[in-house]
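Novice: In the numbering used here, the protein residues as written are 15 to 650. Beta carbons: idealized from backbone N, C-alpha and C, even for Gly. Take this structure, written in structure tokens, and hold onto it; I'll ask about it next.
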């Protein structure tokens, strides 16, 4: 059914057009490193046409030609004309187009993966780096702890895939939005699972954008698994592909039977995607496609997901196909049963999640196949992609428990950045790292740039942040290098709040804390803690009294020199000595998933209430200093 555009009186048309023009967004406009998405439809039924001040650099349809390596950034004015009927207005955007990077030789490999659902923190993003230019020898980074954690969606991320842009200096990391550990189980995950993918961006493999969730699957999909992407020069866009079970239009509850197909959509920026279409549908379940391109031929590797039977002897293993068109609906068969052992060669018990890449030094390709339920990733190699013959590699030293991920060839500089510890955070002379007033903005008032972003059910109301199951995402690594810390916040706890709950979290936040640390304040006894290992073994300082509800209170926690102190409205209410953990110990020095107002302990017990004036210091404030901060709380 086509929507009818109702006529708008002229007096009302101009505000509608202006509002639509103000709502136009062009991702990455200040740092252009690839083609742009220039929208042609706007709010309020408006249409958008574009003009470029230099179409040799950026065309009116968003194609970008970057300045050569060593050149200066190019400034281009893009003008959007927003129209509805006879009314129109314009809005100008200044695009800064970065020059191409200086080409550097590949000198090693980065490995991005998750470790499985047996651990509470296994379904997060881990990384390893090759030892030298050896594609079979890796060491874990960040002491084997996650480098990125999900604070959106289902709070777990699996199957991470990373790719380099065609320009060479932007990386996109995609992942499945799924948490099986503590989740609803595999059947629910394929009927009413997430229809979104998780996305991070980086220009250097060291500094990552804030996580974002992008819905790519249609309402008929029950899941969105193992997203990968490939740059398609022919179409001038990335092709993103993933597995989904599709259910009938008349089955909105997804109660019927279905099977996984490979879906795809196109994008230029991993923000705006075309409608999803089916890419592979052999009539039975297939998942986990990956692509290797060589001399204009695309080699596609996909898991045959059928149950084992005499009629499908290659089920639960990898099938190879090829085509000269990435989106060809009919690839040519190359081989099947890849990864399965024979009478003359060893193999896997089953295989999925293939990731393929070319050696930096030889005419050889590697295909790492995930032996789920077994060893995790096992490497195979070939010198002839067209043959379909892969031999299990020998002498490999991979990270502990690597599961479905990606190996990415990198330069020496990128390898160095991947393995380097994060830089210490900035703080002013008083040790203030960040101050989030939360009075209508999640910006950091210190000017250090540690701005937050609202996620989920979080809104501004009456000069504070109203939380109803949402939270504020904060930058990663806010405790890096800190020997001490103070966290304070003005909070109003809703009378209907369930326990336990978290007011704020800094550090690698796992529900049980296994293998990680967590600086938190939680629950009706307004307990503050520095937790390592199983948090129940070191519950930290505890006032033993319930946090009043329905009124504004200032809660502060300090840690330094082995002493942890909890304050309520500037008055000390509890103290613990002999605390051995420092803030910088949390997460091995890389503390991720920093957030305000989200329960990580139990997703069904989110923080309900209000929050403002959150401050983070890199030292333990004195009682007098905390008392001074408590005066910023609202009416009691």
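According to the Cβ coordinates, are residue 572 and residue 500 closer than 8 Å?
Specialist: Yes. Within cutoff.
Novice: Which residue wins for smallest C-alpha separation from residue 661, given the options 627, 133 and 352?
Specialist: Outside the displayed range of the chain (15 to 650) lies residue 661, so it cannot be described from this structure.
Novice: Using the Cβ count rule (16 or more neighbours within 10 Å means buried), how would you classify residue 200?
Specialist: Exposed, since its Cβ has fewer than 16 Cβ neighbours within 10 Å.
Novice: If we ignore side chains and look at the alpha-carbon of each, how far apart do residue 473 and residue 261 end up?
Specialist: About 34 Å.
Novice: As a quick exercise: from 48, 42 and 60, pick the residue whose alpha carbon is nearest that of residue 29.
Specialist: Taking only the C-alpha atoms, the option nearest residue 29 is 60.
Novice: By the three-class DSSP mapping on this structure, what secondary structure does residue 433 have?
Specialist: Of the three classes helix, strand and coil, the one that applies to residue 433 here is helix, per DSSP.
Novice: Using three-state DSSP, classify residue 201 as helix, strand or coil.
Specialist: It is helical.
Novice: What does the Cβ neighbour count give for residue 376, buried or exposed, with the cut at 16 atoms within 10 Å?
Specialist: By the neighbour-count rule (16 or more Cβ atoms within 10 Å), residue 376 is not buried but exposed.
Novice: Could you round the C-beta distance between residue 623 and residue 505 to whole angstroms and report it? I think they count as a contact, below 8 Å.
Specialist: Between residue 505 and residue 623 the Cβ distance is about 6 Å, and since that is below 8 Å, they are a contact.
Novice: Taking residue 338 and residue 311 to be in contact with their CB atoms under 8 Å, please state how far apart those CB atoms are, rounded to whole angstroms.
Specialist: That belief holds up - the Cβ atoms of residue 338 and residue 311 are roughly 6 Å apart, short of 8 Å.
Novice: Taking the beta carbon of residue 336 as the centre, do at least 16 other beta carbons fall within 10 Å, making it buried, or is it exposed?
Specialist: Buried.
Novice: For the stretch 144-152 and the stretch 84-91, state whether three or more C-beta atom pairs, one from each stretch, are separated by less than 8 Å.
Specialist: Short answer: they don't touch.
Novice: Do residue 273 and residue 299 have their C-beta atoms within less than 8 Å of each other?
Specialist: Cβ distance < 8 Å, so residue 273 and residue 299 count as in contact.
Novice: Would you call the stretch 349-364 in contact with the stretch 378-394, where contact means no fewer than 3 C-beta pairs closer than 8 Å?
Specialist: Judged by Cβ distances under 8 Å, the stretch 349-364 makes contact with the stretch 378-394, as three or more pairs qualify.
Novice: Under a three-way DSSP split, which group does residue 35 fall into?
Specialist: Three-state result, residue 35: helix.
Novice: Helix, strand or coil for residue 603 per DSSP?
Specialist: The predicted position of residue 603 is uncertain, since its pLDDT is 34 and thus under 50; no value can be drawn from it.
Novice: Return yes when the Cβ of residue 72 is within less than 8 Å of the Cβ of residue 38, no when it is not.
Specialist: Not a contact, by the Cβ cut-off of 8 Å.
Novice: May I ask which residues mark the beginning and end of the alpha helix (DSSP H) holding residue 643?
Specialist: Unbroken alpha helix (DSSP H) run through residue 643: 637-644.
Novice: Measuring CA to CA, which of 168, 308 and 142 is closest to residue 159?
Specialist: Among 168, 308 and 142, the Cα nearest to that of residue 159 belongs to 142.
Novice: Count the other CB atoms, across all protein chains shown, that sit within 10 Å of the CB of residue 173; report buried if there are 16 or more and exposed otherwise.
Specialist: Counting Cβ neighbours within 10 Å, residue 173 comes out buried, since at least 16 surround it.
Novice: Please tell me whether residue 210 and residue 167 are closer than 8 Å, where the distance is taken between their beta carbons.
Specialist: Yes, Cβ-Cβ distance for residue 210 and residue 167 is below 8 Å.
Novice: Using 8 Å as the threshold, is the C-beta distance between residue 442 and residue 456 below it?
Specialist: Result no, Cβ atoms of residue 442 and residue 456 do not sit closer than 8 Å.
Novice: CA-CA distance, residue 285 and residue 560?
Specialist: About 44 Å.
Novice: Does residue 496 pass the burial test, meaning 16 or more other C-beta atoms within 10 Å, or should it be called exposed?
Specialist: Residue 496 is buried by the Cβ-count criterion.
Novice: So what's residue 133 in DSSP terms, helix, strand or just coil?
Specialist: Looking at residue 133 - three-state DSSP - the assignment turns out to be coil, as it is neither helix nor strand.
Novice: Please confirm if the stretch 412-431 is in contact with the stretch 110-125, defined as three or more CB-CB distances below 8 Å between the two stretches.
Specialist: Counting Cβ pairs under 8 Å, three or more are found: they touch.
Novice: Say whether the stretch 78-85 touches the stretch 42-50, bearing in mind that this needs 3 or more beta-carbon pairs closer than 8 Å, one atom from each stretch.
Specialist: Contact holds: three or more Cβ-Cβ distances are below 8 Å.
Novice: I need the DSSP call for residue 28, collapsed to helix, strand or coil.
Specialist: Residue 28: helix per DSSP, three-state reduction.
Novice: Measure the Cβ-Cβ separation of residue 378 and residue 397 and say whether it is below 8 Å.
Specialist: Their beta carbons are under 8 Å apart, which means residue 378 touches residue 397 by this criterion.
Novice: Where are the beta strand (DSSP E) runs, 3 residues long or more, that stay fully inside the stretch 557-607, in chain order?
Specialist: Segments of the beta strand (DSSP E) lying fully in the stretch 557-607: 566-574, 577-582 and 585-590.
Novice: Just to confirm, is the Cβ distance from residue 212 to residue 225 under 8 Å?
Specialist: Yes.
Novice: Using a 10 Å radius around the Cβ and a threshold of 16 neighbouring Cβ atoms, would you call residue 36 buried or exposed?
Specialist: Result: exposed.
Novice: Using DSSP bridges, identify the partner residues of residue 98.
Specialist: DSSP lists 101 as partners of residue 98.
Novice: Determine the DSSP secondary structure at residue 395, reduced to helix, strand or coil.
Specialist: Strand.
Novice: For residue 445, collect the residues of the same chain with a Cβ closer than 7 Å to its Cβ; drop the 5 residues on either side in sequence, then sort them by chain order.
Specialist: Hits under 7 Å: 631, 632 and 633.
Novice: May I ask you to list the residues that DSSP assigns as paired with residue 673?
Specialist: No information on residue 673 is available, as it lies outside the stretch 15 to 650 that the chain covers here.
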